[in-house]
Structures are given as structure tokens and as C-alpha cells.
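Quick note on the UniProt record's numbering: the sequence shown kicks off at 1 and runs consecutively. Ideal placement from N, C-alpha and C gives every residue a C-beta, glycine not left out.
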Amino acid sequence: MGTIRLTTAQALIKFLNQQYVAIDGHITPFVAGLFNVFGHGNVVGIGQALEEDAGHLNVIQGKNEQGMAHAAIAFAKQNLRKQIYAVSTSAGPGAANLVAAAGTAFANNIPVLLLPADTFATRQPDPVLQQLEQDYSAAVTTNDALKPVSRYWDRITRPEQLMSSLLRAFEVMTNPATAGPATVCISQDTEGEAYDFDEAFFEKRIHYIDRKLPTERELDGAVERITESKRPVIIVGGGARYSEAREALMAISERHNIPLVETHAGKSTVEFQFKNNLGGTGILGTSAANAVIRNADLVIGIGTRYTDFTTSSKTAFNWEETRFLNINVSRPQAYKLDAFQVVADARATLELLADRLDDYKTAYGSELERLKAEWLTERERLANVTFDRTNFDPEIKGQFTQEIFNEYAEALNTELSQTAAFLAINDVVAEDSIVVGAAGSLPGDLQRLWNPAVPNTYHLEYGYSCMGYEISGSLGAKLAAPNQEVYAMAGDGSFLMLHSEFITALQYNHKINILLFDNSGFGCINNLQMEHGSDSYFCEFRTADNQIMNIDYAKVAEGYGAKTYRANTIPELKAALEDAKKQQVSTLIEMKVLPKTMSDGYEAWWHVGVSEVSAKASIQKAHEAIVNKLERARKY
Numbered sequence: 001m002g003t004i005r006l007t008t009a010q011a012l013i014k015f016l017n018q019q020y021v022a023i024d025g026h027i028t029p030f031v032a033g034l035f036n037v038f039g040h041g042n043v044v045g046i047g048q049a050l051e052e053d054a055g056h057l058n059v060i061q062g063k064n065e066q067g068m069a070h071a072a073i074a075f076a077k078q079n080l081r082k083q084i085y086a087v088s089t090s091a092g093p094g095a096a097n098l099v100a101a102a103g104t105a106f107a108n109n110i111p112v113l114l115l116p117a118d119t120f121a122t123r124q125p126d127p128v129l130q131q132l133e134q135d136y137s138a139a140v141t142t143n144d145a146l147k148p149v150s151r152y153w154d155r156i157t158r159p160e161q162l163m164s165s166l167l168r169a170f171e172v173m174t175n176p177a178t179a180g181p182a183t184v185c186i187s188q189d190t191e192g193e194a195y196d197f198d199e200a201f202f203e204k205r206i207h208y209i210d211r212k213l214p215t216e217r218e219l220d221g222a223v224e225r226i227t228e229s230k231r232p233v234i235i236v237g238g239g240a241r242y243s244e245a246r247e248a249l250m251a252i253s254e255r256h257n258i259p260l261v262e263t264h265a266g267k268s269t270v271e272f273q274f275k276n277n278l279g280g281t282g283i284l285g286t287s288a289a290n291a292v293i294r295n296a297d298l299v300i301g302i303g304t305r306y307t308d309f310t311t312s313s314k315t316a317f318n319w320e321e322t323r324f325l326n327i328n329v330s331r332p333q334a335y336k337l338d339a340f341q342v343v344a345d346a347r348a349t350l351e352l353l354a355d356r357l358d359d360y361k362t363a364y365g366s367e368l369e370r371l372k373a374e375w376l377t378e379r380e381r382l383a384n385v386t387f388d389r390t391n392f393d394p395e396i397k398g399q400f401t402q403e404i405f406n407e408y409a410e411a412l413n414t415e416l417s418q419t420a421a422f423l424a425i426n427d428v429v430a431e432d433s434i435v436v437g438a439a440g441s442l443p444g445d446l447q448r449l450w451n452p453a454v455p456n457t458y459h460l461e462y463g464y465s466c467m468g469y470e471i472s473g474s475l476g477a478k479l480a481a482p483n484q485e486v487y488a489m490a491g492d493g494s495f496l497m498l499h500s501e502f503i504t505a506l507q508y509n510h511k512i513n514i515l516l517f518d519n520s521g522f523g524c525i526n527n528l529q530m531e532h533g534s535d536s537y538f539c540e541f542r543t544a545d546n547q548i549m550n551i552d553y554a555k556v557a558e559g560y561g562a563k564t565y566r567a568n569t570i571p572e573l574k575a576a577l578e579d580a581k582k583q584q585v586s587t588l589i590e591m592k593v594l595p596k597t598m599s600d601g602y603e604a605w606w607h608v609g610v611s612e613v614s615a616k617a618s619i620q621k622a623h624e625a626i627v628n629k630l631e632r633a634r635k636y
């Protein structure tokens, strides 16, 4: 067997170029490119290797380590986990900035290869720039913070360690049951150290992602539970989306009249126009979806983690009558809610079940059609709710006085509601547009009100709900789908938190569109605060003399080189959206929207920690309500 002499970093880049995945007979490169912020620890190692021979890798200069990692995560998510970007950072602060992004990838089961630099393996110059010194161990570095948010973690202190480490990392990332962030930390002196690597290590390597089939026992058990039920409902989770189970879901739903409801990750697996798709379920769900969940005798969870937002903190179901059937490639996830487990691929399982359910029909009859029609009527009502400075919706008076409402309307010079603006956007953008969101009140409007007309066009990161993902994620989605318009749904809080990769999008001419909803504060958390008995406290953006801030975000974006718009009315918004479609450069539409004008929940509840001791009667009342609700909630 021959050898080739390379540095550790050069071997890394050569290896990345030779990794492929095979899915349903199609073989494609797995690593599309690499994001970097070069600095101490990686510029003369990985940087030198890329400069010398990057191969097919598309190299992109990021502006913030968290931001570029979020873009890499979004790229993999939009590509249904079939392709990834790697991420290279410096040691110390650069590596630390990856922690939030790694948590995002971990919670959402999205593969990404993180390559933070590390301290010196030899320790000769210790302590080097950006090195932490722990008294109890010289082996601890900043990168140890990435251990709990990585599916695989390793530190390379010798060149030959790279070979076994990368093979393990790629096994984890290409395994549907364990997909998530793989972190390979490389000591900065090791990056430049040479070794005689086996040539076989660099041969084309195909990672086969085969569909795991259910056993006969699993199929028999699933068929038995479905045919015994009268009112089953399918929860479409992210696993169904990554399995590309659209056609199988529609076939089984239509033939047997089984309703589909969606998690955030599962939304747009099947387009909303499909007659039995009742939309999002749970805390941010539609009235139709939550109604069928509440009365179901069998819940079929397909590729879902059953987060608190999906289960309404385990109060959404009739625990005395409802049984659970879970189809999931992850055995631990399949066990949730004490369900009958089918540990298998979603699409393959549904296709096999279709041959065994014969002429089974649910008892819904025309009920699903009625529930969906009622929800669409409610959605239309929300689109036409208006607010003015003399009389606003009484539903929000308990949270917000007329005086404060008028103060915001005057300070922001607007009477535009968030919900009306949101629904107008859904009506105007092209049907194949990709919408990206993550945090604040906008995920509620997205999950509840956004109606995707084309599969895989709804891109919400809500496993971690990481503020700042929206704009970075839009860049990643655009890299994955360059011929589709991509819209970042961002609040002013998220924009301020992180928008560094907007500059990257402009730099490389990857057009994205930022739809900035500015209500001058952290509006979602302000709602949560006030709805549970507290006063408004440090969630509004106010100056030292208590004036509402009115920031000109359009001017900020204009300074970066974007095409910008200001839209405080529906006609202005629609005109801006139409003009933005014609642009070749990235755009930002700034909308000043009134606080407390987002949509609200339908038959759902969220368990949050309310103070058990307080002098305020409103907080005492809120805690009592929590206690009463928990009496009817499942505890495991």
C-alpha cells in the first residue's frame, strides 16, 4: 500500500473532497464546501491547505462563527441532510462562538462538520494566545464546551489520529438515527505537522444511507392499532420530511381519510393545499389540527421528538383514550409517550403499511373538510383585523393599555399589525419561495398561518429556537436552492442579535430577502412576561428617559449595500415585495408593527416556570393556573 506525505490540514481537505453519499441509488458529494473565519490556529493550517488545493469545495468567508455555522446548518436542512458544509474557526473565542450553533444542529438533528482550532499539542509555547488555563487540568480548552452539544467530539493531537476520527465523524453525520454536529478539534501545531498517510484513506468513499425497513412484528402491531382506531391522526415530523415521505403520506391519508397535522420541522413535507392537511399542531397550531389531536384515539407520530410545543406541554391529548404509535429511525424517540415502536424509515414503513390496511376507513366522514374550512375562515378574519389609536382589539387590553398602544403607534408612526403584514406576505411572494424563521413571535404566525404551496419551502428552526438563525439560515437555504427566492422572517430583536451573514450574502451575491418586523422590543417574551402576571420589565427597547426607540434598520441595510424599503401599510408592503422580486441584490423590507398584534393560541397551553412566591396577586393567580393545568397533564 502506498503513502502520501501531507500535513494534517492538507489530509483533511483531501479527505473531504472524496466523501459521497448514496441515497435511493443516487450518489452525490457529501461536503459541498467550507465556511471559514481565519484566525489564530487555523489560518496557516487549514487556510494554507485550502489555498493550495481546495478541490471541489466552495470556500466562503464568514463574518461571525455562529452565523456561518448557522448558514451551514440551514444548507444541510434545506438539502434534507443530503449534503453539508464544514466550518473552520480559530481557537479560543472563535471556537466558543460555535457553541450556540452546535446546539442548534444537535437539537434539530442536522449534520454539520465543525473544525475549531485548538491549543498546541506539544504545549511548548503554553499558554498561547486565546488559551484558557484550568488549574485542575492542562488538557481542558475552550473546545471542551462543545462536548455536550456535539453528536461526536474528538481532539486531534497527532496527524495519524485524523484517519479514525474522520471516519467516525462521517458515520455519525450520515446515519439518520444519529445525524447532528460532529466536532473535530485540531491542535494548531498538528494542523501543519506532516505524516505519511495511506493512499487508501483518500480513495472515493461512499456512505450508504439505506432505508431501514420495519420488521414483520412492527408492521403487524402498527396495522392492528390503526385498524382498531376510529379517529387516528398522523403527526408529520422532521423525520417524515427528511425521509421524503410526501407521496406516501398523501396516499395513506387520502385512501383511509386520516388527518395530517405538522410539527415545525415537518411542515411543508406535504403542501397545505392537500385536503387532509390541517396545519401545525400544538401550542402554535391551528384550531383544526388541535381539534383532531384532542379527540384522537390513536396518534401516529412520524419522525417527531414530541417537544413541548407539539404536545402543548403534554396536555394536548386525551390520556385516558389515546394510544400512540411512533415511527422513527431513532429508537429512543420511538419510545416516547409509551408508544408502540416502529424503528424504521418513515417512507418505507408507510409504503409497506399501505399494502396491509385494505379498505380501512376512519370515522371522520366530512369532519376534516369542515374543520379545515372553519380554520380558513378564522385565518381570513385575522388578515382583516385592524387597529387604530382610538380603539384596538379588546383581546389585548388585559396586556396593553390604550395609552401605551398609542405611544407605540406614535413613536413608530404605524398602525400596521404583525398578523396582517404576515398574511399579506404569504399572498404576494412566489409559491416556491422559501421562508426561514427561528425565534420570537414569528414562529407562531409561521406555524399557524403560513400556507406552503410547494413542498420543502417552509424552513423553521424551532428545535433550539436560536435567535439570529433567521438571516444566517437564509444564506444557507439560498446556497441549497439558488433558483428560489428566500425570505428571512426576523424580528428586530433577532436582527440585533445576529445578522453578520447578511454581509456575506451581499459579498458573494447570494440574494436573500429580509422581512424585518420591528416592534421595538423582545415582543414574544414581553407577552410571556405579562400573560403570567408580571409587568413589562426590560423587554421593550426604551431609552434611559423611557422613550421608545425607533431605529432605522433600512438605513443600516442600505449602508451594507442592500436594496431597502420601508413599509408601514399593507399597500406599501405589497409594492415593496413586488419590487424586491425584480432585484438582483439582497433586500430588506422594514415594517414597523404594533406590539401585541401577533396571532394567539387555539386550545393549547405552555408550561413555563411561574414564581410560586410573590407579593403580586396577578402572579399568584398565574401560578395557581399552572398548578391546576398540571393536574390534567401527563408527567412522563
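Simplified DSSP assignment, three categories, for residue i
{"i": "S137", "result": "strand"}
{"i": "T122", "result": "coil"}
{"i": "K336", "result": "helix"}
{"i": "A11", "result": "helix"}
{"i": "I252", "result": "helix"}
{"i": "N277", "result": "strand"}
{"i": "Y553", "result": "helix"}
{"i": "R448", "result": "helix"}
{"i": "W606", "result": "coil"}
{"i": "G561", "result": "coil"}
{"i": "T227", "result": "helix"}
{"i": "residue 666", "result": "There is no way to answer for residue 666, as the model of the chain reaches only from 1 to 636."}
{"i": "K204", "result": "coil"}
{"i": "R241", "result": "helix"}
{"i": "T142", "result": "helix"}
{"i": "K397", "result": "Caution applies to K397, whose pLDDT of 44 falls short of 50 and renders its modelled position unreliable; the value that the coordinates give is listed next. Coil, per DSSP."}
{"i": "G521", "result": "strand"}
{"i": "A265", "result": "coil"}
Residues that residue i bridges to, as DSSP identifies them
{"i": "G301", "result": "I235, N326"}
{"i": "M1", "result": "None; M1 has no bridge partner."}
{"i": "P181", "result": "V112"}
{"i": "G33", "result": "N58, Y85"}
{"i": "S187", "result": "D118"}
{"i": "V153", "result": "This sequence places Trp at residue 153; Val is not what is there. DSSP, once it has assigned bridges, lists T183 as partnering W153."}
{"i": "L353", "result": "Its beta-bridge partners do not exist; DSSP assigns none."}
{"i": "N513", "result": "Y487, T587"}
{"i": "I23", "result": "H26"}
Reference residue i, options the options, closest by Cα
{"i": "D359", "options": "Y458, F317, I252, T377", "result": "I252"}
{"i": "G303", "options": "N295, A245, Q78", "result": "A245"}
{"i": "T119", "options": "T7, G94, A72, G493", "result": "G94"}
{"i": "E271", "options": "A71, V454, D552", "result": "V454"}
{"i": "T362", "options": "G301, I327, H256", "result": "H256"}
{"i": "F15", "options": "A74, K275, F197, T28", "result": "F197"}
{"i": "K204", "options": "I27, N406, G468", "result": "I27"}
{"i": "H532", "options": "M598, E612, P443", "result": "E612"}
{"i": "S534", "options": "V610, N17, N42", "result": "V610"}
{"i": "residue 643", "options": "K635, A169, Y636, V608", "result": "Lying before the first or after the last residue shown, residue 643 is absent from the chain, which here runs from 1 to 636."}
{"i": "L442", "options": "E470, I434, T457, S433", "result": "E470"}
{"i": "F409", "options": "F422, L423, A421, F387", "result": "It should be pointed out that residue 409 corresponds to Ala in this sequence rather than to Phe. Checked all of F422, L423, A421, F387; the closest Cα to A409 is F387."}
{"i": "D579", "options": "F522, Y565, M591, E590", "result": "Y565"}
{"i": "A243", "options": "R294, F274, N175", "result": "The sequence shown places Ser at residue 243, not Ala. Selected option, being the one with the closest Cα: N175."}
Beta-carbon spacing of residue i, residue j below 8 Å
{"i": "A339", "j": "F324", "result": "yes"}
{"i": "I84", "j": "A32", "result": "yes"}
{"i": "G103", "j": "A265", "result": "no"}
{"i": "V547", "j": "K563", "result": "Sequence inspection shows Gln at residue 547; the Val mentioned does not correspond to that position. Contact: no."}
{"i": "A480", "j": "L515", "result": "no"}
{"i": "T269", "j": "V236", "result": "yes"}
{"i": "S599", "j": "T311", "result": "no"}
{"i": "R356", "j": "L219", "result": "yes"}
{"i": "N519", "j": "D492", "result": "yes"}
{"i": "Q507", "j": "D432", "result": "no"}
{"i": "P214", "j": "V385", "result": "no"}
{"i": "K267", "j": "Q447", "result": "yes"}
Flag this pair as touching only if the segment 422-435 and the segment 609-620 have three or more C-beta atom pairs under 8 Å; answer yes or no.
no
Counting pairs of Cβ atoms below 8 Å between the segment 58-66 and the segment 494-512, do you hit three or more?
yes
Under 8 Å: do the segment 440-460 and the segment 2-17 share three or more Cβ pairs, one atom per stretch?
no
Any contact between the segment 551-559 and the segment 399-410? By contact I mean 3 or more CB pairs, one from each, below 8 Å.
No, the segment 551-559 does not touch the segment 399-410.
Between the segment 125-143 and the segment 163-174, do three or more beta carbon pairs fall short of 8 Å?
no
How about the segment 147-155 and the segment 175-183: do they share at least three Cβ pairs that are nearer than 8 Å?
yes
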